[in-house]
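J.:
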Amino acid sequence: MIYYTLPPAPELARYVRFFWVLESEASVSQPYIHRSMADGCAELIFHYKGQFNELVAADKTEKSFTAGLHGPSQTFRRFAIEQGFGIFGVYLYPFALTQLFSIPAVEVKNQMPDMASLLGAEGKDLEDKIMTAPDNNTRRQLLSGFLQKKLSKNYIKQPPPVFASIQAIIQNKGLLSVNQLAEQASLSPRQFERTFKTHSGFSPKLFSRIIRFQAALNEYGNQQKSLTQISYACGYYDQSHFIHDFKEFSGHHPRLYFSGQSAESAYRDG
């Protein structure tokens, strides 16, 4: 299995966290199972090789898109594929959806629209170019050019101050005071919450919980810390609180995930 990330161009770094690539072999006898977990950020996803089925119930599957958006999510979903695959992704700050596509994050939270539904003919044209590109460096160049054009077209000279609040919560792993952020944005708590939800998809409190959970996920592979140490380092007031949030946002007990025995953590070992 191959997984790696690529940095965005400096002019996109305010909105694009990174590009990523995931490639692997799979078969009917050894299918690959992917679990998308709760995430405060959004992703543009292009399956340039293979197509996943979403496992929507014990005995039911549905074809997933070949290209589309995975909006900010507070839930987990499971996907499976029985052939070799390749995926190119663009990991976005949630407010990038407003700035790049004039789509408030709250409109696509917990949703996965395909590219045509998201951006019409323009989205379908982009999908075709990404699918037929000869390599991932070309895909990065194509997507960078596309996003830079969208940014210049929809440029906002003075982005709402809540953009900086969202970014600060992410950078500080969900451990900032919401009231202090509202004061810094010069907004009343009610105004702050309403604007924050528009551009992140969630209330500040729920968004912070999801970001704290993501920070815990990133401790995977840290053999120096016990589950208790991870939970306290990530701002959970006790281990039961940590387990509750982890199971809600991932569907896993953290002990299983951090043991490395979960199939869905395989890409982190690649």
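So the sequence shown is residues 1 to 270, counted in full-length UniProt numbering.
C-beta atoms are modelled at their ideal positions from N, C-alpha and C, and glycine is treated no differently.
Computed from a predicted structure; not experimentally measured.
(1) Between residue 273 and Leu97, which are expected to be in contact by the criterion C-beta below 8 Å, what is the C-beta distance as a whole number of angstroms?
(2) Decide if Val108 is buried, meaning its Cβ has at least 16 other Cβ atoms within 10 Å, or exposed.
(3) Here's the rule: buried if 16 or more other CB atoms are within 10 angstroms of the residue's CB, otherwise exposed. What is Gln99?
(4) Would you identify the three-state DSSP class for Ser117, choosing helix, strand or coil?
(5) What is the rounded straight-line gap between the Cα of Ser24 and the Cα of Phe207?
(6) Taking Asn136 and Val21 to be in contact with their CB atoms under 8 Å, please state how far apart those CB atoms are, rounded to whole angstroms.
(7) Please go through the same chain and pick out, in chain order, the residues whose beta-carbon is closer than 6 Å to the beta-carbon of Phe19, but skip the five residues on each side of it.
(8) Going by the CB atoms, is the gap between Pro72 and Asp39 shorter than 8 Å?
(9) Looking at the strands, I want to know which residues DSSP matches up with Leu69.
(10) With distances taken Cα to Cα, identify the nearest neighbour of Gln171 among Leu119, Cys234, His47.
(11) Let's see if you can read the secondary structure: which residues bound the beta strand (DSSP E) around Arg14?
(12) Between His47 and the rest of its own chain, which residues show a CB-CB distance below 6 Å, the 5 nearest in sequence each way excluded?
(13) Based on DSSP bridge pairs, tell me the residues matched to Ser36.
(14) Grouping DSSP H, G and I as helix and E and B as strand, with all else coil, what is Ile170?
(15) So is Asp245 buried or exposed if we call it buried at 16+ other beta carbons inside 10 Å?
(16) Note down, in chain order, each residue of its chain lying with its Cβ closer than 6 Å to the Cβ of Met131, except the 5 sequence neighbours on either side.
T.: Based on what the coordinates show:
(1) Nothing in the structure corresponds to residue 273, since the chain is present only between 1 and 270.
(2) Counting from one through the sequence shown, the residue named residue 108 turns up at place 108. By the neighbour-count definition (other C-beta atoms within 10 Å, threshold 16), Val108 is a buried residue.
(3) Within the sequence shown, the letter at position 99 stands for residue 99. Gln99 comes out buried.
(4) Looking up residue 117 in the sequence shown gives position 117. In the three-state DSSP reduction, Ser117 falls in the helix class (H, G or I).
(5) Along the sequence shown, one-based indexing puts residue 24 at 24. Along the sequence shown, one-based indexing puts residue 207 at 207. Looking at the two C-alpha atoms, the distance is approximately 32 Å.
(6) By one-based count along the sequence shown, residue 136 stands at place 136. By one-based count along the sequence shown, residue 21 stands at place 21. Contact between Asn136 and Val21 is confirmed by a C-beta separation of about 5 Å, below the 8 Å threshold.
(7) Working through the sequence shown from its first residue, we reach residue 19 at position 19. The residues are Leu6, Val90, Arg140.
(8) As a position in the sequence shown, residue 39 is number 39, starting the count at 1. As a position in the sequence shown, residue 72 is number 72, starting the count at 1. In contact: Asp39 and Pro72 (Cβ atoms closer than 8 Å).
(9) Residue numbering aside, residue 69 sits at position 69 when the sequence shown is read from its first letter. Under DSSP, the beta-bridge partners assigned to Leu69 are Leu44.
(10) One-based indexing of the sequence shown puts residue 171 at position 171. With distances taken between Cα atoms, Gln171 lies closest to Cys234.
(11) Counting from one through the sequence shown, the residue named residue 14 turns up at place 14. Run containing Arg14: none; DSSP gives neither H nor E here.
(12) Counting from 1 along the sequence shown, the entry for residue 47 is found at position 47. Thr66, Ile87, listed in sequence order.
(13) Taking the sequence shown and counting its residues from 1, one reaches residue 36 at position 36. Answer by DSSP bridge pairing, in chain order: Arg77.
(14) Walking along the sequence shown from the start, residue 170 turns up at place 170. Helix, per DSSP.
(15) Reading the sequence shown from its first residue, position 245 is the one you call residue 245. With 16 or more neighbouring CB atoms inside 10 Å of its own CB, Asp245 falls in the buried class.
(16) Indexing the sequence shown from 1 puts residue 131 at position 131. Excluding residues within five positions, the ones whose Cβ falls inside 6 Å are Tyr48.
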